[in-house]
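Asker: Below you'll find the structure I mean.
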Amino acid sequence: MSVVVVVGAQWGDEGKGKVVDLFTERADLVVRYGGGANAGHTLVIEGKKLVTHLVPSGVCHPGKGCVLGDGMVIDPHTLLDEIAECQARGLLMKNELVVGRGAHVILPYHKLLDGLREDRGATRGKAIGTTRRGIGPAYEAKAARRGVRVRDLAKPERLRELVAGNLDELTPLIVHLGGSAPTQAEVTKWIDDALRAGEQLAPYVGEAGRLVADAINAKQHVLFEGAQGCLLDLDHGTYPYVTSSSTIAAGACQSAGLGPTQIDSVVGITKAYATRVGSGPFPTELHGEAGERLRQAGGEFGATTGRPRRCGWLDLPALRMGVRLSGMESLALTKLDVLANLPEVSVCVAYKLDGKELDEPPTDPEDLVRAEPIYQTFPGWGPLGTAKSIGDLPPTARAYVETISGMAGVPFCLVSIGPDRAETIRLSDPFG
Ligand code: GDP
Ligand code: IMO
Ligand code: MG
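So the sequence shown is numbered by the working numbering: it starts at 3 and just counts up by one.
Right under this line is the structure:
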């Protein structure tokens with residue numbers, strides 16, 4: 003196995019950052035695909051925490067290549083801040099980072115539009131609950147073939163022309179949504195700031211797709227890092243409560259310009275329970291005290307926005323859908339420790355809808371809201387301590403892990419029992 007994709011199996015925040023950091027030990031190149039600074043991937047190494055939003059989570063392994071794929075939408079200022087934070091910790095000092103020339107750029111008017119739409123949606127009970135990082139509007143511009151790409155930051159005239167053309171169409175929309183028309187001074191500042199950021203990023207900009215292809219051809223180990231999760235996928239997730247990119251494993255091919263035959267293995271990351279940030283159906287959500295207990299025990303507050311995450315029981319139909327959408331061959335189970343000290347733990351094993359039992363969520367969101375979870379309950383377990391193998395786990399925790407792996411139809415390659423690198427039970431190595 004030399005090309006492995008790591009993908010979130012649920013609604014994001016499954017612990018992809020921790021797992022990518024671990025798998026980077028065996029990788030030569032780590033490639034972020036899809037999304038932008040809506041992601042927040044947390045790494046904890048010997049008690050020290052780093053949250054990455056754009057830079058791949060392999061960054062804590064000096065000397066390994068880190069690539070931002072052409073399918074991403076990049077806020078150049080956020081990226082520069084993140085590079086500076088990494089360099090202050092002695093990371094990214096050896097030209098490890100390459101930013102795809104073809105990636106799209108998030109500009110201030112994308113964030114403005116994202117926020118205005120969310121504010122207006124909130125007054126009508128229709129907000130998506132986005133991260134307000136400008137993701138949707140930047141991908142809209144890309145699909146409309148009017149987007150600004152990283153390569154355009156090196157061409158002042160072209161950038162000015164593109165921004166003017168975009169704002170010509172978008173200004174009436176900004177005003178319609180309750181914003182003020184950007185002044186000429188503001189627009190000039192946005193462009194000047196972007197050009198300056200472009201100059202600072204220039205040493206990192208390169209042909210990401212070709213670099214990845216060359217590494218694969220040279221039989222190097224390439225690790226693709228997904229952002230968000232399968233159920234937030236634009237085509238296959240709980241639309242319209244999704245993000246605007248392809249979050250499933252196929253997104254790795256699109257972002258880097260690879261064929262699917264070049265992917266050797268896909269690892270899905272799932273929490274031992276479920277969380278979701280933002281709006282949208284969440285059938286196993288726990289309200290009140292039970293949800294609050296999981297939130298506090300799991301530290302379930304957004305790594306990007308700080309918002310409290312909605313918490314609930316593990317949803318096997320949703321997990322099965324993620325497995326199918328991304329062709330996962332193994333799963334990493336995270337946050338098993340968070341369920342410790344509960345008298346019992348429930349798992350949704352199927353849904354009931356109109357008298358029928360469903361093994362995957364219905365695809366129509368209105369049906370998903372009506373679907374009733376069918377639960378199986380497991381006896382709880384105490385603290386997991388420093389377990390290093392499955393055999394070290396309390397028998398009830400072990401039964402939980404083995405049963406959900408069987409019901410998801412995919413083996414676990416790793417069980418995580420704490421945020422730190424060291425708090426991990428490794429079962430198999432995705433690079434073989
Ligand atoms: P990502 O977006 O998928 O990378 O996940 P986030 O970083 O947004 O959220 C996962 C959170 O859980 C982070 O705070 C991690 O440090 C933490 N975490 C990861 N694995 C474990 C685990 O096994 N146990 C506990 N208690 N925390 C974990
Ligand atoms: P990581 O990579 C969890 C959610 C937002 C919102 C929806 C659309 O850390 O797992 P967007 O800003 O993308 O237009 O918001 O998607 N969302 C995430 N939820 N983890 C993420 O990333 C997310 N990225 C976007 O909360 O519901
Ligand atoms: Mg996250």
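Cβ atoms here follow ideal geometry from the backbone N, Cα and C, with glycine treated the same way.
(1) Can you give me the Cβ contacts of residue 149 inside the same chain, cut-off strictly under 6 Å, excluding the 5 residues immediately before and after it?
(2) Helix or strand or just coil, what does DSSP make of residue 354?
(3) Between residue 42 and ligand 3, is the CB less than 7 Å from at least one heavy atom?
(4) Do residue 290 and residue 313 count as a contact pair if the criterion is CB distance below 8 Å?
(5) Would you say the beta carbon of residue 16 comes nearer than 7 Å to a heavy atom of ligand 1?
(6) In whole angstroms, what is the alpha-carbon distance linking residue 257 and residue 249?
(7) Alpha carbons only, please: which of 65, 186, 8, 27 is nearest the one belonging to residue 43?
(8) Can you find the residues in the same chain that come closer than 7 Å, C-beta to C-beta, to residue 161, ignoring five residues on each side of it along the sequence?
(9) Below 7 Å, is the gap between the Cβ of residue 340 and the nearest heavy atom of ligand 1?
(10) With distances taken Cα to Cα, identify the nearest neighbour of residue 370 among 332, 282, 322, 425.
(11) Quick check on the DSSP output: the beta strand (DSSP E) that includes residue 54 runs from which residue to which?
(12) Excluding the 5 residues flanking residue 345 on each side, which residues of the same chain have their C-beta closer than 6 Å to its C-beta?
(13) Go ahead and label residue 391 buried or exposed: buried means 16 or more other beta carbons lie within 10 angstroms of its beta carbon, across all protein chains shown.
(14) In terms of DSSP beta bridges, what is residue 420 paired with?
(15) Quick check: what's the CA-CA separation for residue 30 versus residue 6?
(16) Is residue 305 near ligand 3 - that is, is its Cβ less than 7 Å away from at least one heavy atom of it?
(17) Is the beta carbon of residue 115 less than 8 Å from the beta carbon of residue 176?
(18) Using the three-state DSSP reduction, which class does residue 339 fall into: helix, strand or coil?
(19) Can you name the start and end residues of the beta strand (DSSP E) that residue 277 belongs to?
(20) Decide if residue 16 is buried, meaning its Cβ has at least 16 other Cβ atoms within 10 Å, or exposed.
(21) Assign residue 201 to buried or exposed, taking buried as 16 or more other Cβ atoms, counted over all protein chains shown, within 10 Å of its Cβ.
(22) Leaving aside the five residues before and after residue 66 along the sequence, list all residues of the same chain whose C-beta is less than 8 Å from its C-beta, in chain order.
(23) Heavy atom of ligand 2 less than 7 Å from the Cβ of residue 124, yes or no?
(24) So the candidates are 319, 360, 165; which of them puts its Cα closest to the Cα of residue 408?
(25) Name the residue from 336, 212, 227 whose alpha carbon lies nearest to the alpha carbon of residue 220.
(26) Give me the Cβ distance between residue 206 and residue 100, rounded to the nearest whole Å; I'm assuming they're in contact under 8 Å.
(27) Closer than 6 Å by C-beta to residue 279: which residues in its own chain qualify, once you throw out the five before and the five after it? Chain order, please.
(28) Verify whether the separation of the beta carbon atoms of residue 418 and residue 377 is less than 8 Å.
(29) Would you please state the rounded distance, in angstroms, between the beta carbons of residue 384 and residue 334? I believe it to be under 8 Å.
(30) Hey, out of 324, 215, 339, 238, whose CA is closest to residue 396's CA?
(31) Once the 5 residues before and after residue 92 are set aside, which same chain residues still bring their CB inside 8 Å of it?
Answerer: This is what the structure gives:
(1) Within the sequence shown, residue 149 is the residue found at index 147, counting from 1. The residues are 106, 143.
(2) Against the sequence shown, residue 354 aligns to sequence position 352. DSSP places residue 354 in strand when its eight states are reduced to three.
(3) By one-based count along the sequence shown, residue 42 stands at place 40. Answer for residue 42: yes, Cβ within range of ligand 3.
(4) What you label residue 313 is simply residue 311 of the sequence shown in a count that begins at 1. What you label residue 290 is simply residue 288 of the sequence shown in a count that begins at 1. Contact: no.
(5) One-based indexing of the sequence shown puts residue 16 at position 14. Yes, the beta carbon of residue 16 sits closer than 7 Å to at least one heavy atom of ligand 1.
(6) Counting from 1 along the sequence shown, the entry for residue 257 is found at position 255. Counting from 1 along the sequence shown, the entry for residue 249 is found at position 247. Rounded to whole angstroms, residue 257 to residue 249 spans 10 Å at the Cα level.
(7) Looking up residue 43 in the sequence shown gives position 41. The shortest Cα separation from residue 43 among 65, 186, 8, 27 belongs to 8.
(8) Sequence index remark: in the sequence shown, residue 161 carries index 159 (1-based). Same-chain partners within the cutoff: 150, 154, 155, 193, 196, 197.
(9) Within the sequence shown, numbered from 1, the residue matching residue 340 stands at position 338. Yes, the Cβ of residue 340 comes within 7 Å of a heavy atom of ligand 1.
(10) In the sequence shown, the residue the question calls residue 370 occupies position 368. Checked all of 332, 282, 322, 425; the closest Cα to residue 370 is 282.
(11) Along the sequence shown, read from residue 1 onward, the residue named residue 54 stands at position 52. 50-54 is the span of the beta strand (DSSP E), which, as asked, contains residue 54.
(12) Start at 1 with the first residue of the sequence shown, and residue 345 comes out as number 343. Here the set comprises 382.
(13) Translated into positions along the sequence shown, residue 391 becomes position 389. The residue is exposed, with fewer than 16 neighbouring Cβ atoms inside 10 Å.
(14) For the purposes of this step, residue 420 is taken as the residue at position 418 of the sequence shown. Looking at the DSSP assignment, residue 420 forms no beta bridge with any residue, so it has no partner.
(15) Within the sequence shown, numbered from 1, the residue matching residue 30 stands at position 28. Within the sequence shown, numbered from 1, the residue matching residue 6 stands at position 4. Cα to Cα, residue 30 sits roughly 11 Å from residue 6.
(16) Here residue 305 corresponds to residue number 303 of the sequence shown, with the count starting at 1. The answer is yes for residue 305.
(17) Working through the sequence shown from its first residue, we reach residue 115 at position 113. Working through the sequence shown from its first residue, we reach residue 176 at position 174. For residue 115 and residue 176, yes; Cβs fall inside 8 Å.
(18) Start at 1 with the first residue of the sequence shown, and residue 339 comes out as number 337. Correct three-state label for residue 339: helix.
(19) As a working mapping, residue 277 is identified with position 275 in the sequence shown. Residue 277 -> beta strand (DSSP E) spans 276-278.
(20) For this step, residue 16 is matched to residue 14 along the sequence shown. When all chains shown are included, residue 16 counts as buried.
(21) By one-based count along the sequence shown, residue 201 stands at place 199. Residue 201 is exposed by the Cβ-count criterion.
(22) For the purposes of this step, residue 66 is identified with residue 64 of the sequence shown, where counting begins at 1. Closer than 8 Å at the Cβ level, and outside the excluded window around residue 66, lie 26, 29, 30, 31, 32, 60, 98.
(23) Translated into the one-based positions of the sequence shown, residue 124 becomes position 122. No.
(24) As a first step, residue 408 must be located in the sequence shown, where it is residue number 406. Selected option, being the one with the closest Cα: 319.
(25) Numbered from 1 along the sequence shown, position 218 holds the residue referred to as residue 220. When each option's Cα is compared against that of residue 220, the closest is 212.
(26) For this step, residue 206 is matched to residue 204 along the sequence shown. For this step, residue 100 is matched to residue 98 along the sequence shown. Rounded, the Cβ-Cβ distance is 6 Å, consistent with contact.
(27) Residue mapping note: residue 279 aligns to position 277 of the sequence shown, counting from 1. Once the five neighbours on either side are set aside, the close Cβ partners of residue 279 are 304, 309, 311.
(28) Taking the sequence shown and counting its residues from 1, the one referred to as residue 418 is at position 416. Taking the sequence shown and counting its residues from 1, the one referred to as residue 377 is at position 375. No.
(29) Locating residue 384 in the sequence shown gives position 382, counting from the first residue. Locating residue 334 in the sequence shown gives position 332, counting from the first residue. That pair is no contact at about 23 Å.
(30) Position 394 of the sequence shown, counted from the start, is the residue given in the question as residue 396. Closest by alpha carbon: 339.
(31) On the sequence shown, position 90 is the one that residue 92 refers to. The answer, listed in chain order, is 64.
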